[in-house]
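Basically my numbering = 1-based index in the sequence shown + 4.
Backbone N, C-alpha and C define an ideal beta-carbon position, used for all residues, glycine too.
Remember, it's a predicted structure, so these values are computed and weren't measured experimentally.
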Amino acid sequence: MTRPHKLLGNLSQKRFLDEFWQQKPLFVKNALPELPTLIEPDELAGFAMNEEIHSRLIVGKELEVEYGPISEERFLTLPENNWCLLVDAMDLWSPKIKKLLNHFDFLPSWRLDDIMVTYSVEGGNVGAHFDHYDVFLIQGLGEKSWKLGGICDEDTELSKHEDLRVIHDFKHEREFIMSTGDMLYLPPRYAHYGITLSESITYSVGFRMPSCSEILSDLAVELNTKSNFPKYISDPRLKPIENKDHISNEYLIQIRARLSEVLDDDELLLEWFARYMTEPKYPESMDVTNEERIATIDLNNSKKAIPTTGEIIKKFKNGRLLEG
5 MTRPHKLLGN
15 LSQKRFLDEF
25 WQQKPLFVKN
35 ALPELPTLIE
45 PDELAGFAMN
55 EEIHSRLIVG
65 KELEVEYGPI
75 SEERFLTLPE
85 NNWCLLVDAM
95 DLWSPKIKKL
105 LNHFDFLPSW
115 RLDDIMVTYS
125 VEGGNVGAHF
135 DHYDVFLIQG
145 LGEKSWKLGG
155 ICDEDTELSK
165 HEDLRVIHDF
175 KHEREFIMST
185 GDMLYLPPRY
195 AHYGITLSES
205 ITYSVGFRMP
215 SCSEILSDLA
225 VELNTKSNFP
235 KYISDPRLKP
245 IENKDHISNE
255 YLIQIRARLS
265 EVLDDDELLL
275 EWFARYMTEP
285 KYPESMDVTN
295 EERIATIDLN
305 NSKKAIPTTG
315 EIIKKFKNGR
325 LLEG
């Protein structure tokens with residue numbers, strides 16, 4: 005916890021988590037000084053031709069988006085400058101790229117989304133934008149300029165682009181020039197704009213946390229599978245009414261009571277959340293990728309845990325409870 009971590013510029017894990025994680029950016033020059041070539045541009049293009057792998061081309065100053073699979077013929081007609089290729093979840097397809105995750109042992113493994121790999125030529129970019137997740141940008145081949153703005157929100161004005169959430173009238177506050185082995189950490193909602201200075205490969209290690217609406221939606225599906233959870237809400241004790249359109253506070257009390265039953269059940273919430281966060285990103289490709297998402301939970305001190313003389317540790321893998 006207190007030992008220096010090379011990826012973090014010799015900050016301790018504790019200091020990074022206390023001062024930077026989800027708070028402010030961190031740029032580390034030469035974070036991975038011996039970073040090898042993990043993938044060649046032609047090899048990445050080959051993955052982008054695979055219909056099972058999610059990829060995009062972003063071309064020209066108008067940032068025209070083309071979704072994969074990308075044909076070999078299309079690659080041959082691309083201009084000399086101003087385009088980039090983005091390939092998602094390359095940690096599932098390349099053992100060399102997956103090894104990058106060894107540098108992130110200070111974060112919960114179940115928070116990982118994927119490692120996206122971007123190949124770009126001079127001028128290539130995806131526009132100024134912001135994300136709702138934590139990301140570590142690691143520069144492989146070449147050089148890239150990263151301009152950082154302020155924190156964005158739902159009111160941040162966006163340009164009228166059909167496919168990309170490009171910030172309108174982006175103004176940067178600082179700039180970093182990244183070369184091989186450099187790392188830039190960006191918390192959620194920080195405006196950033198990466199412009200390629202020379203032929204480049206960037207590894208984006210993203211850590212996802214679902215939105216509140218995603219959580220509520222999936223939890224509702226989970227509750228519907230529980231035989232001991234009431235599927236319907238009954239009327240409270242009704243009284244004579246003066247206004248037939250009025251919703252009384254008694255209904256609110258009834259609804260809140262049902263929701264409280266869920267929110268007060270640590271065991272139910274922990275098991276659901278472990279299943280949810282370990283769901284495979286691409287279940288249709290698991291036979292090929294051998295994707296593994298794992299989380300463990302400790303129910304020893306949770307409310308409504310089954311009394312036992314032993315420990316209640318449960319392990320989940322790819323959305324399922326592992327027995328034994």
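Check your understanding: Is it true that the CB of Ile259 sits closer than 9 Å to the CB of Ile237?
Key -> Translated into the one-based positions of the sequence shown, residue 237 becomes position 233. Translated into the one-based positions of the sequence shown, residue 259 becomes position 255. Result yes, Cβ atoms of Ile237 and Ile259 sit closer than 9 Å.
Practice item. Apply the 10 Å Cβ neighbour rule to Lys235 and answer buried if 16 or more other Cβ atoms are within range, or exposed otherwise. Key: Within the sequence shown, the letter at position 231 stands for residue 235. Counting Cβ neighbours within 10 Å, Lys235 comes out exposed, since fewer than 16 surround it.
Review point. Leaving out five residues before and five after His133 in sequence, what residues of the same chain have Cβ atoms less than 8 Å from its Cβ?
Key: Here residue 133 is taken as the residue at index 129 of the sequence shown, counted from 1. Within the same chain, His133 has close Cβ partners Leu168, Arg169, Val170, Ile171, Ala195, His196 and Tyr197.
Check your understanding: Do Asn86 and Leu126 come within 9 Å of each other at the CB atom, strictly closer than that value?
Key -> Walking along the sequence shown from the start, residue 126 turns up at place 122. Walking along the sequence shown from the start, residue 86 turns up at place 82. At residue 126 the sequence reads Glu, which differs from the Leu that was named. Closer than 9 Å, so yes.
**Study point:** Pair within 9 Å by beta-carbon distance, Met213 and Pro192
**Key:** Residue 213 sits at position 209 when you count from the first residue of the sequence shown. Residue 192 sits at position 188 when you count from the first residue of the sequence shown. A contact, by the Cβ cut-off of 9 Å.
Exercise for review: Assuming Ile199 and Ser149 form a contact by the criterion Cβ under 8 Å, report the distance between their Cβ atoms to the nearest whole angstrom.
Suggested key: Stepping through the sequence shown from its first residue, residue 199 is reached at position 195. Stepping through the sequence shown from its first residue, residue 149 is reached at position 145. Correct: roughly 5 Å between the Cβ atoms.
**Study point:** Nonlocal neighbours in the same chain, by C-beta distance under 7 Å from Asn54, ignoring five residues either side
**Key:** The residue given as residue 54 occupies position 50 in the sequence shown. Counting only Cβ-Cβ distances below 7 Å, and skipping sequence neighbours, we find Pro73.
Check your understanding: To the nearest whole angstrom, what separates the beta carbons of Ile43 and Lys100, a pair I think is in contact under 8 Å?
Key -> Sequence index remark: in the sequence shown, residue 43 carries index 39 (1-based). Sequence index remark: in the sequence shown, residue 100 carries index 96 (1-based). Yes, they are in contact, since the Cβ atoms of Ile43 and Lys100 sit about 7 Å apart, within 8 Å.
Check your understanding: Which value, in whole angstroms, describes the spacing of the CA atoms of Trp114 and Gly210?
Key -> Within the sequence shown, numbered from 1, the residue matching residue 114 stands at position 110. Within the sequence shown, numbered from 1, the residue matching residue 210 stands at position 206. Approximately 12 Å between the Cα atoms of the pair.
Review point. Nearest to Cys88 by CA position, among Glu66, Asp302, Ser98 and Leu105, is which residue?
Key: In the sequence shown, counting from the first residue as 1, residue 88 sits at position 84. With distances taken between Cα atoms, Cys88 lies closest to Glu66.
Exercise for review: Please classify Val32: is it buried, with 16 or more other beta-carbons within 10 angstroms of its beta-carbon, or exposed?
Suggested key: On the sequence shown, position 28 is the one that residue 32 refers to. Counting Cβ neighbours within 10 Å, Val32 comes out buried, since at least 16 surround it.
Check your understanding: If we ignore side chains and look at the alpha-carbon of each, how far apart do Glu254 and Asn232 end up?
Key -> On the sequence shown, position 250 is the one that residue 254 refers to. On the sequence shown, position 228 is the one that residue 232 refers to. Whole-angstrom Cα-Cα distance: 23 Å.
Practice item. With DSSP collapsed to three states, give me the class of Thr312. Key: For the purposes of this step, residue 312 is identified with residue 308 of the sequence shown, where counting begins at 1. Any reading at Thr312 must be qualified, since the residue scores a pLDDT of 48, below 50, and its modelled position is unreliable; the value itself is stated next. Coil, per DSSP.
Exercise for review: Can you grab the Cα-Cα spacing for the pair Leu105 / Leu263, in whole Å?
Suggested key: The residue given as residue 105 occupies position 101 in the sequence shown. The residue given as residue 263 occupies position 259 in the sequence shown. So the two alpha carbons sit approximately 38 Å from each other.
Point to revise | Start and end residues, alpha helix (DSSP H) containing Gln17 | key: Walking along the sequence shown from the start, residue 17 turns up at place 13. Looking at the DSSP string, the run of the alpha helix (DSSP H) that includes Gln17 is Gln17 to Glu23.
Practice item. Run through the region 273 to 299 for me and flag every whole alpha helix (DSSP H) of 4 or more residues, listed as ranges in chain order. Key: 290 to 293
Point to revise | Within-9 Å CB hit, Asp186 to chain E | key: Annotation note: the requested chain E is absent from the structure, which comprises a single protein chain.
Practice item. In the DSSP assignment, find the unbroken beta strand (DSSP E) run with Lys321 in it and report its ends. Key: Within the sequence shown, the letter at position 317 stands for residue 321. Lys321 -> beta strand (DSSP E) spans Ile317 to Lys321.
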